[in-house]
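In our numbering, the protein residues as written are 13 to 113.
Glycine residues also receive a C-beta, built at the ideal position from the N, C-alpha and C atoms.
All values derive from a computational prediction rather than experimental measurement.
For reference, the structure discussed in these notes is given below.
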Amino acid sequence: LGHVVENAWLGQALLHALRAENRVELLNPARVVDAKPGREGVTLSLDGDGPAALTTALLVVADGADSGLRQRLGVAATEKPYRQHALICNVATAEPHAGCA
13 LGHVVENAWL GQALLHALRA ENRVELLNPA RVVDAKPGRE GVTLSLDGDG
63 PAALTTALLV VADGADSGLR QRLGVAATEK PYRQHALICN VATAEPHAGC
113 A
C-alpha cells in the first residue's frame with residue numbers, strides 16, 4: 013500500500029523540519045556549480061547569495077533521478093523496474109463517506 017501526498021505539502025513539511033534542525037545550515041538561494049571530493053570532505057563551488065565555496069564532510073545529493081551533480085561526481089544509480097502501475101485521482105462523493113474507503 014502507498015500514500016498519495018501533495019508535492020507542495022510534502023515540500024513545506026520537509027522545509028519546516030530542516031529549519032528546525034540546528035545541525036543543518038540552509039543556504040537559499042544557492043546553486044552548486046561544482047563539487048570536488050578531497051581528504052577533508054567535498055568542496056562545493058556555489059552560485060548564490062551566500063559563500064562562494066564551502067567544504068563539508070557529508071554531501072547529500074537529492075536533486076532527482078537525473079542528477080547532474082551525482083553524474084559529475086561519478087556516483088552510479090541503480091534502477092529497478094517494478095512492472096507496476098498506479099492510477100491516482102481525486103474523488104468527491106455526493107454523500108459523506110463516514111471514514112470508509
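Taking its Cβ as the centre, do 16 or more other Cβ atoms sit within 10 Å of residue i, making it buried, or is it exposed?
i, result
"V44", "buried"
"E70", "The sequence given here places Leu at residue 70; Glu does not occur at that position. Classification of L70: exposed, given that the 10 Å Cβ count is below 16."
Pop quiz: residue i and residue j are said to be a contact at Cβ under 8 Å. What is the actual Cβ separation, rounded to whole angstroms?
i, j, result
"S79", "V73", "6 Å"
"L81", "A47", "6 Å"
"A77", "A89", "7 Å"
By how many angstroms is the C-alpha of residue j removed from the C-alpha of residue i?
i, j, result
"H15", "T55", "37 Å"
"Y94", "V103", "27 Å"
"L38", "G23", "14 Å"
Compare the Cα-Cα distances from residue i to each of the options and report the closest residue.
i, options, result
"N40", "G53, G60, N34 and R31", "G60"
"G50", "E37, L66 and E91", "L66"
"E52", "L30, T68, Q83 and L38", "T68"
Taking the alpha helix (DSSP H) that residue i falls in, what are its first and last residues?
i, result
"A25", "N19 to A32"
"L66", "Run containing L66: none in the alpha helix (DSSP H); it sits in the beta strand (DSSP E), A65 to T68."
"G60", "Not the alpha helix (DSSP H): G60 falls in the beta strand (DSSP E), residues G53 to G60."
Could you please give the first and the last residue of the uninterrupted beta strand (DSSP E) stretch that includes residue i?
i, result
"R43", "A42 to G50"
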